[in-house]
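Participant: I'd like to ask some things about the structure below.
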Amino acid sequence: MPARDRTAYDVVVVGGGPGGSTAAYQLQQFGHDVLLIDRETFPRDKLCGGLITYKTLRLLDRVFDESESHLVDEGILNFGADEYAAYFNDDLVLRDSIDVPFYFAKRFEYDEFLHDRAVEAGVDTHLGDGVSRIDIEGSTVETTDGETFTADYIVGADGASSRIRSQLADEGLVDTSGWRKNLAIAAEAYVPRDAIDVDIDYPMLHFGVLDWGYGWVFPNTDRLLVGVGGLNAKNDRGFRRILDDYFDLLGFDYDPDTVKGHPIPFGNYLDRPAHGNVLLVGDAAGTVDAITGEGIFYAQRSGELAAWAIDRAESGTTAAVADDYTDMLHEYVHPELHHSKQARLFIWGGPQFPRRLAMKAWFALLSDPSVELVHGIRIYDLLRRRGDVMHETLPGGTPRPT
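Structural data, given as structure tokens:
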């Protein structure tokens, strides 16, 4: 916690998820005084698939100097799988081995790990107290408990239901006109492994169980995460009912104690998620893959870029931090989000029967490239192998800090 008489910082980061903690850590490493605010205390649970892809591992190594082996040894990477299966409803389309494993993290462990790394770097925290509003002109952040903090820059990393984004939109400072149209809902539940009589040690994806989305079974060491997610505007059955039907399709004779639902940006990324000295990152900025729903990497990558934009503004490299940050997103992040949104028209548009045939043909011909796409080894544009744009490239070719 910060000293009670300290209320002024270089940067206030609102939201201690992967994007917020990454931004806070990187900024502190750059030498800026940072306050991280979160309405919860850590550890705090959050239902999420917790998929950690290869591109995320690269970022963790680059920013936090954390190797894959160390993350496995520490249990942060809770489960690793070297195969996966894809279905259309109950019809197995493909089960295949993969060269680069999919890892899964429990979000309460992963988020606490990143938060703790930020604190170890020197970031101050103000936890258990949410943000009620920001004063853009005065560059202040006001909390629900009546605290007020001032900062030269404010980073909004407060999730899909971001209060900061809503305030910027209400004041006409960011364009969120397409937000609701492309908002998805996910409904998820944990299933203890000893509660069912099947042993699943690889991720399973089920297409066709809802419109413009999919169902998933993601393994952890002691449990499975079962969920469904898709565009809210395309599904009128109700996501709890869709999840119940998915349990029936899986043959899981288990009634979960808790089912949680949450919104997911799903093709509604903000073209310019910044105004003045306020930058939005992660779900608050809509940076989520519009097919897979992967958000952890994009939250951390946008958090990293926000930190670079602020540091460049402070060093005099750029004059307008919002412009610089937006330019970085346009170069390093938004192209994949745009192409995923375009590609999903061919995956989810039209009746089920032709989609089933198309999916079988897709996986028969492009199984390995599809996995490499998820890992960030390839890009959506013609499934070309990428250079290193989303992994290592930093503004202006600036070398990685030592």
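Take the sequence shown: its letters are residues 0 to 401, numbered as in numbering that gives the first Met the number 0.
We put the CB at the ideal spot given by N, CA and C, even for glycine.
This one's a predicted model, so the numbers in the text were calculated from it and none came from an experiment.
(1) Check this for me: beta carbons of G127 and T40, under 8 Å apart or not?
(2) Between the alpha carbons of L249 and P17, how many angstroms are there, rounded?
(3) Out of W211, T175 and I241, state which residue places its alpha-carbon closest to the alpha-carbon of R354.
(4) Helix or strand or just coil, what does DSSP make of P262?
(5) At which residues does the alpha helix (DSSP H) containing H402 begin and terminate?
(6) Once DSSP output is grouped into helix, strand and coil, what is the label at L242?
(7) For H374 versus T52, is the C-beta spacing smaller than 8 Å?
(8) Between which residues of its own chain and L209 is the CB-CB distance below 6 Å, once the five residues before and five after are set aside?
(9) Put H31 into one of helix, strand or coil per three-state DSSP.
(10) From which residue to which residue does the beta strand (DSSP E) around R116 run?
(11) Please name the residue or residues paired with A319 in a DSSP beta bridge.
(12) How many Å lie between H205 and R239 at the Cα?
(13) What are the boundary residues of the beta strand (DSSP E) that Y268 is part of?
(14) Quick check: the stretch 111-131 against the stretch 9-26, are there 3 or more CB pairs under 8 Å?
(15) So does the stretch 272-292 actually touch the stretch 152-167, counting three or more Cβ pairs closer than 8 Å?
(16) What residues match up with E187 in a beta bridge as DSSP calls it?
(17) For G137, which of V130, G129 and T147 has the nearest alpha-carbon?
(18) For T175, which residues in the same chain have their Cβ closer than 6 Å to its Cβ, ignoring the five residues on either side in sequence?
Facilitator: Taking the coordinates as given:
(1) Along the sequence shown, one-based indexing puts residue 127 at 128. Along the sequence shown, one-based indexing puts residue 40 at 41. Closer than 8 Å, so yes.
(2) Within the sequence shown, residue 249 is the residue found at index 250, counting from 1. Within the sequence shown, residue 17 is the residue found at index 18, counting from 1. L249 and P17 have their C-alpha atoms spaced approximately 31 Å apart.
(3) Position 355 of the sequence shown, counted from the start, is the residue given in the question as residue 354. Comparing Cα positions, the closest option is W211.
(4) As a working mapping, residue 262 is identified with position 263 in the sequence shown. Of the three classes helix, strand and coil, the one that applies to P262 here is strand, per DSSP.
(5) Summary: the structure shown does not reach residue 402, with the chain confined to residues 0 through 401, and so no result is reported for it.
(6) As a working mapping, residue 242 is identified with position 243 in the sequence shown. In the three-state scheme derived from DSSP, where H, G and I count as helix and E and B as strand, L242 is classed as helix.
(7) As a position in the sequence shown, residue 374 is number 375, starting the count at 1. As a position in the sequence shown, residue 52 is number 53, starting the count at 1. Taking 8 Å as the Cβ cut-off, H374 and T52 qualify as a contacting pair.
(8) Locating residue 209 in the sequence shown gives position 210, counting from the first residue. Beyond the five residues adjoining it in sequence on each side, L209 comes within less than 6 Å, by CB distance, of V227, G229, N234 and I241 in the same chain, given in chain order.
(9) For this step, residue 31 is matched to residue 32 along the sequence shown. H31 falls in the coil class under three-state DSSP.
(10) What you label residue 116 is simply residue 117 of the sequence shown in a count that begins at 1. Boundaries around R116 are those of the alpha helix (DSSP H), R106 to E119, since no beta strand (DSSP E) includes it.
(11) Numbered from its first residue, the sequence shown carries residue 319 at position 320. DSSP, once it has assigned bridges, lists no residue as partnering A319.
(12) On the sequence shown, position 206 is the one that residue 205 refers to. On the sequence shown, position 240 is the one that residue 239 refers to. Answer to the nearest angstrom: the Cα atoms are 16 Å apart.
(13) Position 269 of the sequence shown, counted from the first residue, corresponds to residue 268. Annotation: Y268 is outside any beta strand (DSSP E) and is labelled neither H nor E by DSSP.
(14) Counting C-beta pairs with one atom in each stretch, the stretch 111-131 and the stretch 9-26 have three or more that are closer than 8 Å, which means they touch.
(15) At 8 Å Cβ cutoff, the stretches touch.
(16) The sequence position of residue 187 within the sequence shown is 188, counting from 1. The partner list for E187 (beta bridge, DSSP) reads G226 and K259.
(17) Against the sequence shown, residue 137 aligns to sequence position 138. When only C-alpha atoms are compared, the closest one is T147.
(18) Your numbering for residue 175 matches position 176 in the sequence shown. Cβ within range, chain order: A168.
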